[in-house]
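A.B. asks: Have a look at the structure that comes next, please.
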Amino acid sequence: MAVVRSIRITMPDRPGALSAVTTALAAHRVDIVRLDVVSHEGELVVDDLLLEAATAEDIGAAIGGFWPEVSVRTFDAPVADPAVEMGRAVAAATGAPTRVDAAARTVSGIIRVMRADRAAVLRCIDTGGFVPVAGLPATAVIGPREPFAGRWVLAQGVAAAFPAGEGWAPAAFAAETRAAWVALAPLGGTDIAAAFRCTNVPFYRGELERLEALAMAVAPALGAGTAGRPQPAPPGLGSLPARAITLGAA
């Protein structure tokens, strides 16, 4: 039975880089079933490859033949084409019989579209705090005077991703997510779509665009967007961590 592996490669954006990768794969009889360009900005290219070979050893040997400057991360499970996953996620959420079901299906869709370990839909309530709508326990709340990077995301209407360093959320909430990387996108006027990776695999701009597109598409099914944006957070409670990336100027 053939072995399938899903990997992410980060390599210099220069002529011959991808050709060298495909040559190493071909030399060990490893097929590229699918290639997804995740990011192509600046001097680096990030691609997700779905590989198939006779044995796991063949795939390992092929990866060992990559250029030294090509970094490789392996995902636990392969997923379908991102465009297919996006379509399925939107169809599932918008076809849900209730808003509760729509929120749960949105969480499942975020995990698949974003290659995330966990996901959540969060809502800013009247007090200025945040509560989980789906994806996290009801106890995973953020108080009105607690710091949270999602305040910036809602106030600016801009998606953001960042490594989960100290201060992005209250310690108890951050521990509940177990996140090493976080991606957040506005989901209507007071809701947030959140994706969490528990391993140190960054979210890139291309993935952030996918989260934003998914959030925009499913917001009506969740009843999101019926209220205006929350008031700007008090100083120090709604800033982004260092190394954050966003989709545009506020």
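All residue numbers in the sequence shown are consecutive under my numbering, ending with 316. Positions of the beta carbon are idealized from the N, C-alpha and C atoms, including for glycine.
1) Going by beta-carbon coordinates alone, are Gly131 and Ala90 separated by less than 8 Å?
2) Contact between the segment 79 to 97 and the segment 108 to 126: three or more CB pairs below 8 Å?
3) Run through DSSP, which three-state label would Phe214 get?
4) Tell me whether Glu109 is buried or exposed, calling it buried when 16 or more other Cβ atoms sit within 10 Å of its Cβ.
5) Assuming Leu117 is part of the beta strand (DSSP E), what are its boundary residues?
6) With a threshold of 16 other CB atoms inside 10 Å of the CB of Ala237, please say whether the residue is buried or exposed.
7) Which whole-angstrom value is the C-beta distance of Ala230 and Trp218, which I expect to be below 8 Å?
8) Quick one: Cα of Leu188 to Cα of Gly201, how far?
9) Along the alpha helix (DSSP H) that carries Leu313, what are the first and last residues, could you check?
10) Measure the C-alpha to C-alpha separation of Ile75 and Gly289 and round it to an integer number of angstroms.
11) Look at Pro210 and Gly233 and say whether their C-beta atoms are less than 8 Å apart.
12) Arg71 bridges to which residues according to DSSP?
13) So, at 6 Å on beta carbons, what are the nonlocal neighbours of Val199 in its own chain, with the 5 sequence-adjacent residues on each side left out?
14) Taking only three categories from DSSP, how would you classify Glu135?
15) Kindly indicate which three-state DSSP category Val99 falls into: helix, strand or coil?
16) Over the uninterrupted beta strand (DSSP E) stretch that includes Arg154, give me the two end residues.
17) Which whole-angstrom value is the C-beta distance of Val179 and Arg276, which I expect to be below 8 Å?
18) List the endpoints of the continuous beta strand (DSSP E) containing Phe228.
19) For my contact list, Thr172 and Ala259 are in at a C-beta cut-off of 8 Å; report their separation, rounded to the angstrom.
20) Measure the Cβ-Cβ separation of Glu151 and Pro203 and say whether it is below 8 Å.
21) Within its chain, find whatever has a CB closer than 8 Å to the CB of Asp147; leave out the 5 residues flanking it on each side and keep chain order.
C.D. replies: By the coordinates alone:
1) Annotated as proximal: Gly131 and Ala90, with beta-carbon spacing under 8 Å.
2) In this structure the segment 79 to 97 lies against the segment 108 to 126, because at least three pairs of beta carbons, one per stretch, are closer than 8 Å.
3) The answer is coil: DSSP assigns Phe214 none of H, G, I, E or B.
4) That one is exposed.
5) For Leu117, the uninterrupted beta strand (DSSP E) segment begins and ends at 110 to 119.
6) Exposed, by the Cβ-count rule.
7) Not a contact, Cβ separation roughly 15 Å.
8) Distance between the alpha carbons of Leu188 and Gly201 is about 9 Å.
9) Premise fails: Leu313 is in no alpha helix (DSSP H) and is neither H nor E.
10) The straight-line gap from Cα to Cα measures roughly 38 Å.
11) Not closer than 8 Å, so no.
12) According to DSSP, Arg71 bridges with Leu117.
13) Within the same chain, and ignoring the five residues on either side of Val199 in sequence, the residues whose Cβ sits closer than 6 Å to its Cβ are Ala169, Val187, Arg189.
14) Look at Glu135 here: in three-state DSSP terms it is coil, with no helix or strand label.
15) Assignment of Val99 by DSSP, reduced to helix, strand and coil, places it in the strand class.
16) DSSP places Arg154 in no beta strand (DSSP E) but in the uninterrupted alpha helix (DSSP H) bounded by 148 to 160.
17) In this structure Val179 touches Arg276 by the C-beta definition: roughly 5 Å separates them, less than 8 Å.
18) In the DSSP assignment, Phe228 falls within the unbroken beta strand (DSSP E) covering 226 to 229.
19) Going by Cβ atoms, the distance from Thr172 to Ala259 rounds to 7 Å, so yes, they are a contact pair.
20) For Glu151 and Pro203, no; Cβs fall outside 8 Å.
21) Once the five neighbours on either side are set aside, the close Cβ partners of Asp147 are Arg100, Asp102.
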